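Participant: Provided herewith is a single structure, encoded as structure tokens, for subsequent inquiry.
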Amino acid sequence: MKPEVTLKYLNYIRDKKNSEEGFTLIELLVVVIIIGVLAAVALPNLLGQVGRARETEIVNAVGTVNRSQQSYHFERGNFGDTQARLGISIPVEYIDSDSIDAQIDPNSGVDATFNPNVLNATNQGIRLIGGAIAFANGDYSQVICRAPNPPETNVESTNLEVTAGNITDDCGDTNDVVN
52 MKPEVTLKYL
62 NYIRDKKNSE
72 EGFTLIELLV
82 VVIIIGVLAA
92 VALPNLLGQV
102 GRARETEIVN
112 AVGTVNRSQQ
122 SYHFERGNFG
132 DTQARLGISI
142 PVEYIDSDSI
152 DAQIDPNSGV
162 DATFNPNVLN
172 ATNQGIRLIG
182 GAIAFANGDY
192 SQVICRAPNP
202 PETNVESTNL
212 EVTAGNITDD
222 CGDTNDVVN
């Protein structure tokens with residue numbers, strides 16, 4: 052091969068490489084748009100998962116209170132009215148701990164209810180959750196109820212209808228029983 056042809060070919064390859072380095076503005080914009088669309092689709096799902104995880108923590112706390120109430124009633128013949136009496140400690144990251152003690156009602160005779168005040172429920176997408184336990188004819192009945200949707204405004208979950216009288220689980224007309 053002639054040296055001039057080789058030199059021209061090498062110059063051609065060098066010039067071609069220099070002109071093809073980097074990305075064009077359109078390519079970068081397409082990538083940014085694709086990432087934006089993926090983020091817009093994935094973010095609500097991610098936030099929904101976080102809300103459901105927080106709901107699960109609250110359901111566990113309500114279940115803990117129900118089981119503790121059953122144990123306390125079995126030993127003493129009445130339901131406890133505070134966390135300290137029940138011998139439990141509820142995580143307070145999403146629940147106002149002051150509302151727990153105030154919501155346990157041992158004076159209702161055969162049952163006790165627990166409707167925790169969920170902190171910032173609307174902004175976190177958490178549905179209101181409450182629980183109740185009843186004792187009748189030697190049997191205990193427990194129920195945990197959940198509102199179908201997060202509240203439109205931050206309200207205490209004492210507005211959630213929860214009853215467990217006469218061994219029938221009833222969450223009211225608008226709430227779901229948590230299994």
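Residue numbering for the sequence shown is 52 to 230, as defined by our numbering.
Glycine included, every Cβ here is placed at the ideal spot set by N, Cα and C.
Computed from a predicted model, the values in this text were never measured in an experiment.
(1) Note down, in chain order, each residue of its chain lying with its Cβ closer than 8 Å to the Cβ of proline 199, except the 5 sequence neighbours on either side.
(2) I'd like to know if the region 136–150 and the region 72–87 are in contact, where contact means that at least 3 CB-CB pairs between them fall below 8 Å.
(3) Should isoleucine 64 go down as buried or exposed, given a rule of 16 or more other Cβ atoms within 10 Å for buried?
(4) In whole angstroms, what separates the C-alpha of valine 206 from that of valine 110?
(5) Whose C-beta lies closer than 6 Å to the C-beta of valine 116 among residues of the same chain, with five residues either side of it excluded?
(6) Can you tell me whether proline 95 is buried or exposed, with buried defined as 16 or more other CB within 10 angstroms of its CB?
(7) Verify whether the separation of the beta carbon atoms of alanine 163 and isoleucine 184 is less than 8 Å.
(8) Pull up the DSSP beta-bridge partners for valine 169, would you.
Facilitator: According to the data block:
(1) The beta carbon of proline 199 is closer than 8 Å to those of Arg178, Thr225, Asn226 and Asp227 in its chain, skipping five residues each way along the sequence.
(2) No, the region 136–150 does not touch the region 72–87.
(3) Looking at its Cβ environment, which holds fewer than 16 other Cβ atoms inside 10 Å, isoleucine 64 is exposed.
(4) Confidence at valine 206 is low in this model, with a pLDDT of 49, below 50, so the placement of that residue should be treated as unreliable; the coordinate-derived value is given next. Computed Cα separation, rounded: 18 Å.
(5) Correct list, in chain order: Phe165.
(6) By the Cβ-count criterion, proline 95 is exposed, with fewer than 16 other Cβ atoms from all chains shown falling within 10 Å of its own Cβ.
(7) Yes, the pair counts as a contact, with Cβ atoms nearer than the cut-off.
(8) Bridge partners of valine 169 according to DSSP: Ile146.
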